[in-house]
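Enquirer: Provided herewith is a single structure, encoded as structure tokens, for subsequent inquiry.
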Amino acid sequence: MIDVSGQAAEWVVEAPEETAMTDLGAGLAAVCCPGLVIYLEGELGMGKTTFSRGLIRAMGHEGAVKSPTYTLVEPYALAGVEVYHFDLYRLGDPEELEFMGVRDYFRPDSICLIEWPVRGRGILPPADIGITIAPAGSGRRLHIQASTELGGSVLARWRQKHRSQQRQ
């Protein structure tokens, strides 16, 4: 893990209900930047798509945000940035990603959200930010780690924004 501006590049936050999960996604949207790769991990039903929905809608998408379970990827052209939402749950072999031209999605002008990244191991680029979602009572706990300088910078801004919203 890296350290950015004296802050640990790790954060654990609770999402007691679905609204909190979408709010966390929206909070990340407010501080994220092109070139970011975000891994979303957790068992089925943990809220990976709910988090993604919050981020994508906060970036300006007004339509439905569905899980790309069968299509593997859903593109969103938003305010000067392409957002690609991947769900690799049904991926049979990581090599299938090569056939779909996955490397073309990871560009300096795009943001990639990847659910079930372990299924694309060896093909996917490393994450800037990894989010693992687990049960916590009736809600969820998000363990967030930055693993690049870009990820650390975004994580520091996200935490600061979240803290300031909590004080309001």
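Take the sequence shown: its position 101, counted from the start at 1, is 101 in full-length UniProt numbering, and no numbers get skipped. A virtual CB, placed ideally from N, CA and C, is assigned to each residue, including glycine.
Which two residues bound the contiguous alpha helix (DSSP H) that contains residue 55?
Expert: 48 to 58
Enquirer: Where does residue 145 land, buried or exposed, given buried means 16+ other C-beta within 10 angstroms?
Expert: buried
Enquirer: Start and end of the beta strand (DSSP E) containing residue 163?
Expert: Unbroken run through residue 163 is the alpha helix (DSSP H), 149 to 167; no beta strand (DSSP E).
Enquirer: Using the C-alpha atoms, what's the distance from residue 36 back to residue 139?
Expert: Roughly 27 Å between the two C-alpha positions.
Enquirer: Do the region 61 to 74 and the region 149 to 158 make contact, defined as three or more Cβ pairs closer than 8 Å?
Expert: no
Enquirer: Going by DSSP, which residues form a beta bridge with residue 14?
Expert: 141
Enquirer: Could you give the DSSP three-state label for residue 65: helix, strand or coil?
Expert: coil
Enquirer: Going by the C-beta, is residue 47 closer than 7 Å to any heavy atom of the ligand NAD?
Expert: For the ligand NAD, the structure offers nothing, since it holds no ligand at all.
Enquirer: Please specify which runs of the beta strand (DSSP E), each continuous and at least 3 residues long, are wholly inside the region 90 to 115, giving them in chain order.
Expert: 110 to 115
Enquirer: Can you grab the Cα-Cα spacing for the pair residue 15 / residue 135, in whole Å?
Expert: 10 Å
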